[in-house]
Amino acid sequence: MQAMAGMYDHLDQHEILVDLQADCGGLVLFYSLASVGARRVCTDYAIGSYCPDDFGMTAYDIFTAGCSLRTGASGRTLLAYVPESLREIALTEPIPETAGPGALNNDDLLATLDGIRVRGYAVGRQECLPGWDSVAAPALWGDTALGVVLLLKPLSDIPNDITDYIDQVLGAAHLISLAATQGGRNPQLVA
Numbered sequence: 001m002q003a004m005a006g007m008y009d010h011l012d013q014h015e016i017l018v019d020l021q022a023d024c025g026g027l028v029l030f031y032s033l034a035s036v037g038a039r040r041v042c043t044d045y046a047i048g049s050y051c052p053d054d055f056g057m058t059a060y061d062i063f064t065a066g067c068s069l070r071t072g073a074s075g076r077t078l079l080a081y082v083p084e085s086l087r088e089i090a091l092t093e094p095i096p097e098t099a100g101p102g103a104l105n106n107d108d109l110l111a112t113l114d115g116i117r118v119r120g121y122a123v124g125r126q127e128c129l130p131g132w133d134s135v136a137a138p139a140l141w142g143d144t145a146l147g148v149v150l151l152l153k154p155l156s157d158i159p160n161d162i163t164d165y166i167d168q169v170l171g172a173a174h175l176i177s178l179a180a181t182q183g184g185r186n187p188q189l190v191a
């Protein structure tokens, strides 16, 4: 935590997420790797005037499919950047019962990880929750993912061409990455 303190002096991560949510709608979440196990945790969010109940989400949905690295664009994006030992732990876990019909089996999931690192983003088609699609991009500090910016929207609100959403999520992740760089910390020195 001390290594991350003061990283956002020049750019405000929360405001970046609020701006993304205002531009795209839906839910915007920032997931970080949890301190224990192969899990993710939501460390910041912007949901506008929405409440998770408005979208049919329950606390159980959020804390099962939402924390697993096995499901969703944000989980797969973090998996693309974690050490092999954490990846192996995540792959031994079952797909959460609350996951959507788009949740990937291990072989298909592993096949996406190199592409995520090359493209810089992942698209999730009903992976975490039925009826919801997502776009995720990592906020990087050198080669290390600080976390993942996630845009999550109901299918009824997503157009066929999501290029604009991809560009906006990539832009937000880039700004958060830039904030880390402006913090003047060298990830190789802290690691």
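Just so you know, my numbering puts 95 at position 95 of the sequence shown, and the rest follows in order with no gaps. Quick reminder that beta carbons are idealized off the backbone N, C-alpha and C, glycines included.
- Beyond the five residues adjoining it in sequence on each side, A99 comes within less than 7 Å, by CB distance, of A65, T71, E127 and C128 in the same chain, given in chain order.
- Under the DSSP assignment, C24 falls outside any beta strand (DSSP E), being part of the alpha helix (DSSP H) whose first and last residues are Q13 to C24.
- The beta carbons of L146 and W132 sit about 24 Å from each other, so the pair does not count as a contact at 8 Å.
- Counting the other Cβ atoms within 10 Å of the Cβ of Q168 gives 16 or more, which makes it buried.
- Pairing I16 with A137, the inter-Cα distance amounts to about 14 Å.
- Here the alpha carbons of N105 and A111 stand approximately 10 Å from one another.
- W141 and T181 have their alpha carbons spaced roughly 7 Å apart.
- With a contact defined as Cβ atoms closer than 8 Å, V149 and A173 qualify at about 4 Å.
- Per the Cβ contact rule, the stretch 75-94 is not in contact with the stretch 157-171 (fewer than 3 Cβ pairs under 8 Å).
- Assignment of Y165 by DSSP, reduced to helix, strand and coil, places it in the helix class.
- Here the C-alpha atom of L20 lies approximately 27 Å from the C-alpha atom of A38.
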